[in-house]
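Asker: From first to last, the protein sequence lines are chains A and F. My numbering puts the first residue of the first sequence at 2, with every later residue one more than the last. My numbering puts the first residue of the second sequence at 993, with every later residue one more than the last. All residues carry an ideal CB built from backbone N, CA and C; glycine is no exception. Here it is, the structure in full.
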Amino acid sequence: KNEVEQSPQNLTAQEGEFITINCSYSVGISALHWLQQHPGGGIVSLFMLSSGKKKHGRLIATINIQEKHSSLHITASHPRDSAVYICAFGGGSQGNLIFGKGTKLSVKP
Amino acid sequence: AAGVIQSPRHLIKEKRETATLKCYPIPRHDTVYWYQQGPGQDPQFLISFYEKMQSDKGSIPDRFSAQQFSDYHSELNMSSLELGDSALYFCASSQPKKTVSYEQYFGPGTRLTVT
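So, in structure tokens, the structure goes:
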């Protein structure tokens, strides 16, 4: 069983829709990362959070450490949000990341 | 703001050749991580360095070696390349440990194609 599970694997939305991507993990962690990977490969760190909620622009990330669950929300989605969204957590003693399989989001105009 | 720099961005090699990938972390970042992402796969951790010493090791083949230099840049050396080594290789850097932050900043990746 993977240590981190994301859902859904693929998501298609219409521009303007509210989007939620979920991440569940099976081990105790101190912080969880949300990353964005665009076609072509580059990875951007969106959030690192260990409790509660963080907001950056139209992106909101929440985490419930007790329930081992995190969500990434995108409000007023836009075609430029189309990307793969990955949750990850530090798996090693020095913080190397263990990645989920990613959620491929496609936002249609 | 300065970001993580990787070079080259694209590399084409033949089987059994060697390749060297370079990573320049964000200034004052002392920890470097290397990840490998095969086609359609999630990234896998290879190796990390903290203060020029190897700090953790993941699924790095014995044919690969890496080091971190005095200026904190890191190089991943890959020998006897195989077709299965074709992948996107990411480097990430993080802030000094005293900040207790492992937020990682990723480079753009080096796309290695082995033919």
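(1) Would you mind working out which of Lys-1014(F), Gly-995(F), Pro-1035(F) sits nearest Leu-98(A), comparing C-alpha positions?
(2) Taking its Cβ as the centre, do 16 or more other Cβ atoms sit within 10 Å of Phe-48(A), making it buried, or is it exposed?
(3) Determine which residues of the region 64 to 90 of chain A have a Cβ less than 9 angstroms from any Cβ of chain F, and write them out in chain order.
(4) Could you tell me whether the Cβ of Ser-1040(F) comes closer than 7 angstroms to any Cβ of chain A?
(5) Using the DSSP secondary-structure output, state which residues sit across from Leu-1003(F) in a beta bridge.
(6) On the three-state DSSP scale, how would you describe Leu-1073(F)?
(7) Quick one: which unbroken beta strand (DSSP E) runs of 3-plus residues sit fully inside the region 76 to 102 of chain A? Chain order, please.
(8) By DSSP, does Glu-1043(F) sit in helix, in strand, or in coil?
(9) Closest to Gly-1050(F) by CA distance: which of Ser-1057(F), Phe-1037(F), Glu-1067(F) is it?
(10) Closer than 7 angstroms, CB to CB, is Asp-1048(F) near chain A or not?
(11) Going along the chain, which residues of its own chain have a beta-carbon closer than 7 angstroms to the beta-carbon of Gly-17(A), five neighbours each way excluded?
(12) Cutting at 7 angstroms between CB atoms, please list the residues of its own chain near Pro-9(A), excluding the five before and the five after it.
(13) Do you know how far the Cα of His-39(A) is from the Cα of Ala-1084(F)?
Answerer: Let me spell this out:
(1) On the first sequence, residue 98(A) is found 97 positions in, with the first residue counted as 1. When only C-alpha atoms are compared, the closest one is Pro-1035(F).
(2) Here residue 48(A) is taken as the residue at index 47 of the first sequence, counted from 1. Flag for Phe-48(A) reads buried.
(3) Ile-87, Ala-89
(4) The residue labelled residue 1040(F) in the question sits at position 48 within the second sequence. Yes, because at least one Cβ of chain A sits closer than 7 angstroms to the Cβ of Ser-1040(F).
(5) Counting from 1 along the second sequence, the entry for residue 1003(F) is found at position 11. In the DSSP output, where bridge partners are listed per residue, Leu-1003(F) has Leu-1104(F).
(6) For the purposes of this step, residue 1073(F) is taken as the residue at position 81 of the second sequence. DSSP places Leu-1073(F) in coil when its eight states are reduced to three.
(7) 84 to 91, 98 to 100
(8) Counting from one through the second sequence, the residue named residue 1043(F) turns up at place 51. In the structure shown, Glu-1043(F) sits in coil (DSSP, three-state: anything other than H, G, I, E or B).
(9) Counting from 1 along the second sequence, the entry for residue 1050(F) is found at position 58. Closest option to Gly-1050(F), Cα to Cα, is Phe-1037(F).
(10) Position 56 of the second sequence, counting from 1, holds the residue named residue 1048(F). Yes, Asp-1048(F) lies at the interface with chain A (some Cβ there is under 7 angstroms from its Cβ).
(11) Sequence index remark: in the first sequence, residue 17(A) carries index 16 (1-based). For Gly-17(A), where only same-chain residues beyond five positions count, the Cβ hits under 7 angstroms are Ala-77, Ser-78.
(12) Here residue 9(A) corresponds to residue number 8 of the first sequence, with the count starting at 1. For Pro-9(A), where only same-chain residues beyond five positions count, the Cβ hits under 7 angstroms are Thr-104.
(13) Along the second sequence, read from residue 1 onward, the residue named residue 1084(F) stands at position 92. Along the first sequence, read from residue 1 onward, the residue named residue 39(A) stands at position 38. Between Ala-1084(F) and His-39(A), the C-alpha separation is close to 16 angstroms.
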